[in-house]
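Residue numbers (the UniProt record's numbering), protein chains in the order written: chain A, 1 to 503; chain B, 1 to 495.
Glycine included, every Cβ here is placed at the ideal spot set by N, Cα and C.
Given the structure is predicted, the values throughout are model-derived calculations rather than measurements.
Data first, discussion second: the structure below is written as structure tokens.
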Amino acid sequence: MLDLTYDPPKPKVIAGAKHDWELVIGMEVHAQVRSRAKLFSGASTQFGAEPNSNVSFVDAAMPGMLPVINEFCVEQAVRTGLGLKAQINLWSAFDRKNYFYPDLPQGYQISQLYHPIVGEGEILVDMAPGVARKVRIERIHIEQDAGKSIHDMDPNMSFVDLNRTGVALMEIVSRPDIRGPEEAAAYVTKLRQILRYLGTCDGNMQNGSLRADVNVSVCRPGAYERYMETQDFSHLGTRCEIKNMNSMRFIQQAIDYEAKRQIAIVEAGGEVVQETRLYDPDKGETRSMRSKEEAHDYRYFPDPDLLPLEIEQAWVDAIKAALPELPDEKKARFVKDFGLSEYDASVLTAEAEAAGYFEKVAAGNDGKLAANWVINELFGRLKKDECDITDCPIPADRLGQIVKLITKGDISGKIAKDVFDIAYTSGREPEEIVETEGMKQVTDTGAIEAAVDEVIAANPAQVEKARQNPKLAGWFVGQVMKATGGKANPKAVNEIVSAKLGL
Amino acid sequence: MTDLNAFTLADARDRLRAGDITSVELTEACLNALEGAGALNAFVHKTPEKALSQAKAADARIAEGDAPAMCGLPVGIKDLFCTMGVPSQAGSAILNGFRPEYESTVTQKLFDAGAVMLGKLNMDEFAMGSSNETSVYGKVVNPWRRADDTAELTPGGSSGGSAAAVAADLCLAATGTDTGGSIRQPAAFTGTVGIKPTYGRCSRWGIVAFASSLDQAGPMTKTVRDAAIMLEVMCGYDPKDSTSADIPVPDFEAMLTGDIRGKTIGIPREYRMEGMPEEIETLWSEGRRMLEEAGAKIVDISLPHTKYALPAYYVIAPAEASSNLARYDGVRYGHRATLAQGDGITEMYEKTRAEGFGPEVQRRVMVGTYVLSAGFYDAYYNRARKVRTLIKRDFDDVFAQGVDAILTPATPSAAFGLGEMNDADPVKMYLNDVFTVTVNLAGLPGITVPAGQDSQGLPLGLQLIGRPWEEGDLLNCAHALEAAAGFVAKPEKWW
């Protein structure tokens, strides 16, 4: 289906003091599942509610409470797996990850260590037109989110908000196929785009709906290729995991800092210690959170409160059949069907809503012209107004009308901008605007001829000059346009001016 | 006429319906009995007001001719069940002051069937124990005593309060729970009947978890018929418990024909333990003879992995418990230690849990944490799970060969003295569960029936193990055994 072909991008090379280095990056993205209720309880998942108001007895781990799986969350995970062209495991199981923390009331997180619901898949990470990295997905499992501990409200007390406790997360684990900070950010961007297309995660990084743990190591050029041939990790450097990042910018900065830190260590003859690190955006540096030796022993074991999760192939097939068109396919189709450049197609398909808007504008119109209007005029205006496409004040069919008026020659591109502005601000119909405001282009050659004659008659000296230098005909066109209030069809004006001047 | 509180469920039910007695009278008789039974320490929390209001409501329903299965019948509830608004502490200090805002599914079913709750019954802390000595409320004393001896005996555990209360006629019946024998062993020690149904029969929702894959609720009663009546009410699918089975619950009482002709009863050779007291051996042979005389076919069978059951159980149960008990951290409910200046969250956990959990619970949490830890998981937990699979297969095989039920001793001895095991290796205490844990590991139904008395007059029980989901058949076998054994002895009232 995918018609477009891509070359892989070159890996980022960082020059050390002694030699060049490459980066190897793998990611674990935690994506909050879009669902009304939590993974194992009926409590609401609504963001921003009063602290501890979305908490059931199960979430609070009251004695004797038991988890019951939310089928919709499972469906969302399956949908995500299908969207990443991944293997769906019809048999999966839940395990307990045991550790103590006040925002984890059960004292364990229910997760899927041994048998995840989704197996291997892939994501095509677009870097530039014709350039994309294929990143392999190792697995996706579903698990419970923790609550929030708040330590800075009181000098002696900590507070706990359990609203987020038990909300469903998908942990999407990639292979170490990402080769630079920009690729890492592009990977998260693409993953977020797919999740939003699928409707399985709102992708809101600010609210923490999407968080990334980044595994970074450095190696000498050539080492990665040896790893890819053998899948033997010993060809790669020791990795550090940078935890819990929720901004594309921080992800890039953290990777950049971490790579340089590791290079400096290795070039000084030291060894990178495998550990978990945190990125401090204020200082722009990563710092150690806990070493491998201090790593928790999570004592994973199968959760005896839950039976293995068994799903039917027919159910998976039904979800698959109802999948929306995904970004790669949509982009390829836009290029093919509308004759767009890959770049324009990328811009238009970044959000499913925008792509849908564009398709409505393009209906019955020239695709490229429609794309120009959506990308340049509409997106530009929305950005200026900090307005989302979903709250766009001008409906797609009205912008389509404007494009149609241009194509028909009823208005010029210049006038169209005025029409757009009025339609955008007032909510009026474009055709009505053109009619009421007398903006319709004058295509009546008699009227144009009269205007041209008038200008020629009034400017004999200019006529002489123009006859010497035909380029000056433009001046007459301008004068005619001015005289007609910009409504004259520029093409007709051009032709008549040239004829009358005898050019 | 006997004291009302000495009635069986079946008798009381029939008399209530006949209008001979009222539930209020019955309930008052029980409340009086338990008022005078402080020495047994069976009830840890009494709910007389709730009981009387439920009894009045039951009388009204009976008068209207709308009497469900247990209408007006006073029962006791093991403290492991969460009961709305009533202290529910699982016998532990760590749940000090905890009053649930919800009702466990099983107790709700009992109330829906008209049962009257007299109060909460003592138990080993978090159901961990075989002698009822680990409760924060103190030990329970068995109403039975050895002939000419005033030494206090254990009622068994962990449902020791339930067993003692039923044996002493403080209530008509009680709920119990059984993770490794916690219904069946105390029933055997007190001359009562206790059944642990198939795993998945009773909802675990609202029952404080010990080991989730093994825990099951069940009734503790005076007769097999009573067990049938009460089990039927307690059973049933519950969508709130993912491990609860959506299988219809038959009319168990109607299946008590007493006719076991043509049934095949297996006698497992591996249950003949070294050093088993002769009295137990004799009782077992007697049971075999009784069932044979009732028309059953007796076959010798082999359950080859039996000897690995106890070690596997004492890996799996603590492993699950160590995780299940992690929630008792002092953050949201129950006990929280008073902290010193500068103490942080780690100190809060450590102090709270050190103060809140008794030594046996701490031991099992530590064992469970150890067997799940990195580097030991495969050697202990995973191996124990494999053993569990093999034990289950042993049973599957004999059932496939046509065995309907398996007869074994219930316990390796009669009730022992309280404090007798204080200095013993904990493993010696664990040996009490040797005949019962296999049933939990395999998820099967098991019932103990009083079948005789030892030389000192203490009750002894036999266990019957049934096919999964065939509690009706199992109860019928037990009914035949009960009839043949003719156990009618009662403890002499000394309390």
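Judged by DSSP secondary structure, residue 30 (chain A) falls within the beta strand (DSSP E) whose first and last residues are 20–32. Within the region 98–124 of chain B, the residues whose Cβ lies closer than 9 Å to some Cβ of chain A are 98, 100, 101, 102 and 104, listed in chain order. Judged by DSSP secondary structure, residue 98 (chain A) falls within the beta strand (DSSP E) whose first and last residues are 95–98. Taking the C-beta atoms as reference points, residue 43 (chain B) is found nearer than 8 Å to residue 120 (chain B). Taking a C-beta distance under 8 Å as the contact criterion, residue 394 (chain B) and residue 468 (chain B) do not qualify as a contact pair.
Taking a 10 Å sphere around the C-beta of residue 114 (chain A), we find fewer than 16 other C-beta atoms and assign the residue as exposed.
Membership of residue 171 (chain B) in any alpha helix (DSSP H) is not indicated, and neither H nor E is assigned to it by DSSP. Within the region 355–381 of chain B, contact with chain A at the beta-carbon level (separation under 8 Å) is assigned to 369, 372, 373, 374, 377 and 381. Using a Cβ-Cβ cut-off of 8 Å, residue 329 (chain B) counts as an interface residue toward chain A, since at least one Cβ of chain A sits closer than that to its own.
In this model, residue 52 (chain B) and residue 454 (chain B) are separated by some 39 Å (Cα to Cα). One finds 326 and 327 in chain B with Cβ atoms closer than 8 Å to the Cβ of residue 106 (chain A), taken in chain order.
Excluding its 5 nearest sequence neighbours in each direction, residue 361 (chain A) has C-beta neighbours in its own chain below 7 Å: 370, 373, 374, 396, 399, 400 and 403, listed in chain order. Comparing C-alpha distances from residue 214 (chain B) to each of B:353, B:485, B:170 and B:319 shows the shortest one belongs to B:319. Taking a beta-carbon distance threshold of 8 Å, residue 344 (chain A) does not count as an interface residue toward chain B. Assignment of residue 460 (chain B) by DSSP, reduced to helix, strand and coil, places it in the strand class.
CA-CA distance, residue 100 (chain B) to residue 463 (chain B), rounds to 35 Å. Beta-bridge annotation (DSSP): residue 128 (chain A) is paired with A:131.
According to the DSSP secondary-structure assignment, residue 220 (chain B) is paired through a beta bridge with B:174 and B:194. It is roughly 45 Å from the alpha-carbon of residue 386 (chain B) to the alpha-carbon of residue 326 (chain A).
Residues of chain B with a Cβ closer than 8 Å to the Cβ of residue 57 (chain A) are, in chain order, 101 and 102. The Cβ of residue 82 (chain B) sits closer than 8 Å to at least one Cβ of chain A.
Residue 354 (chain B) and residue 362 (chain B) have their C-alpha atoms roughly 8 Å apart. Residue 62 (chain B) places its beta carbon less than 8 Å from that of residue 17 (chain B). In the structure shown, residue 238 (chain B) falls within a coil segment according to DSSP collapsed to helix, strand and coil.
Comparing alpha-carbon positions, the option among A:250, A:246 and A:240 lying closest to residue 259 (chain A) turns out to be A:240. Per DSSP, the continuous alpha helix (DSSP H) segment holding residue 460 (chain A) begins and ends at 460–468. Listed along chain A are 66, each with a C-beta nearer than 7 Å to that of residue 241 (chain B). Under DSSP, the beta-bridge partners assigned to residue 279 (chain A) are A:286. Closer than 9 Å at the C-beta level to chain B, one finds no residue of the region 163–189 of chain A. With contacts defined by Cβ atoms closer than 8 Å, residue 171 (chain A) and residue 194 (chain A) do not form a contacting pair.
The count of Cβ pairs closer than 8 Å, one atom from the region 28–45 of chain B and one from the region 238–252 of chain B, stays below three, leaving the stretches out of contact.
Residue 86 (chain B) sits away from residue 174 (chain B), with the two beta carbons spaced by 8 Å or more.
Of the candidates A:183, A:337 and A:308, A:183 places its Cα closest to the Cα of residue 126 (chain A). The alpha-carbon of residue 250 (chain A) is positioned some 15 Å away from that of residue 207 (chain A). One finds 64 and 66 in chain A with Cβ atoms closer than 7 Å to the Cβ of residue 205 (chain B), taken in chain order. Ranked by Cα distance from residue 150 (chain A), the first of A:200, A:52 and A:167 is A:52.
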